[in-house]
Ligand SMILES: Nc1ncnc2c1ncn2[C@@H]1O[C@H](COP(=O)(O)OP(=O)(O)OP(=O)(O)O)[C@@H](O)[C@H]1O
Ligand SMILES: [Mg+2]
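Residue numbers (the numbering used here): 6 to 293.
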């Protein structure tokens, strides 16, 4: 069986201020159907870029300058618009970090959910069922509201309902709980993984939260400077990291700190470690 995610040596650039930014620098990742994978790494390491790449959802300014990508066996970079839309619709669920920004401010929640369900039952009872599945109380009222009328936690539940509405084979969740209070965060994380398990979806969970990755993901992939640095069973990688960056990342996890202990804000300094590492932001020539 072919892997559901097969990213091979992909390089992606964004235009930067006078120089281009190498967001992915030969990233390689293979994920089999049914796996739960936590993708961790410091800010700017390329997690979001890699997550967006899976659905070719990258901003227009991004340029894929090398490598290959197959999602569910399909050569995503070569798909025409129609087949790309079909792949997104039939295979992919995407939960963004900022749900409020991802919702259309001009459209009621019910209408947005209806559009996602295009071709599937979308009568009021079906819409209500999808909101029920993410534990939204008073679904009938919520269906009539606009995004600015609901809380961040509620908006994230709506995004989860939309991402799961078509029973995706692959769910990419980009720090979906980062903007939520800690008690809501735990609840929403549990909800996402339970729904994904019920749907039989493969999960790629982009996160800074090592504790929740080790709680919910069987495998962890550590990124730095647009590359995969370490990859293995979550329990092993996070408890016994071998790569210097992973060691530093695990050591900077607030959940592991002793009371009163200062936590480093820069988890890893390649220069100080003497390890050859790519720079997180690499200028690769003049801007476009
Ligand atoms: N739209 C963009 N335009 C220009 N540069 C970008 C853009 N998006 C990302 N980058 C750059 O690409 C690199 C990788 O960014 P990316 O957002 O993928 O990292 P990340 O690991 O998701 O970070 P974070 O943890 O902060 O979300 C960074 O250097 C970032 O500044
Ligand atoms: Mg990100």
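All C-beta atoms in this analysis are idealised placements derived from N, C-alpha and C, irrespective of residue type, glycine included.
Residue i - DSSP class collapsed to helix/strand/coil
| i | result |
| --- | --- |
| residue 10 | strand |
| residue 132 | helix |
| residue 30 | strand |
| residue 181 | coil |
| residue 158 | helix |
| residue 139 | coil |
| residue 244 | helix |
| residue 75 | strand |
| residue 191 | helix |
| residue 44 | strand |
| residue 85 | coil |
| residue 80 | strand |
| residue 170 | coil |
| residue 120 | helix |
| residue 111 | coil |
| residue 126 | coil |
| residue 146 | helix |
| residue 198 | helix |
Residue i - partner residues in DSSP beta bridges
| i | result |
| --- | --- |
| residue 4 | Outside the displayed span of the chain (6 to 293) sits residue 4, for which this structure offers no information. |
| residue 235 | 227 |
| residue 18 | 27, 68 |
| residue 36 | 10 |
| residue 217 | Residue 217 pairs with nothing; no bridge assigned. |
| residue 212 | 45 |
Cutoff 7 Å; reference residue i; Cβ partners in own chain excluding five residues on either side
| i | result |
| --- | --- |
| residue 239 | 43, 218, 219, 222, 223, 224, 225 |
| residue 105 | 152, 157, 160 |
Beta-carbon proximity list for residue i, same chain, < 6 Å, skipping 5 on both sides
| i | result |
| --- | --- |
| residue 13 | 33, 72, 73 |
| residue 234 | 227, 248, 250 |
| residue 93 | 60 |
| residue 183 | 102 |
| residue 252 | 246 |
| residue 198 | 221 |
| residue 11 | 35, 75 |
CB-CB length for residue i against residue j, believed under 8 Å
| i | j | result |
| --- | --- | --- |
| residue 17 | residue 54 | 6 Å |
| residue 162 | residue 139 | 4 Å |
| residue 121 | residue 158 | Rounded, the Cβ-Cβ distance is 20 Å, inconsistent with contact. |
| residue 148 | residue 136 | 7 Å |
| residue 9 | residue 76 | 7 Å |
| residue 108 | residue 117 | 6 Å |
| residue 165 | residue 196 | 7 Å |
| residue 209 | residue 56 | 6 Å |
| residue 98 | residue 169 | 6 Å |
Cutoff 8 Å; reference residue i; Cβ partners in own chain excluding five residues on either side
| i | result |
| --- | --- |
| residue 39 | 205, 207 |
| residue 37 | 6, 8, 9, 207 |
| residue 133 | 144, 145, 148 |
| residue 131 | 122, 125 |
Pull every residue with its beta-carbon under 5 Å away from any heavy atom of ligand 1, and keep them in chain order. 19, 26, 28, 48, 49, 50, 51, 52, 53, 54, 64, 286
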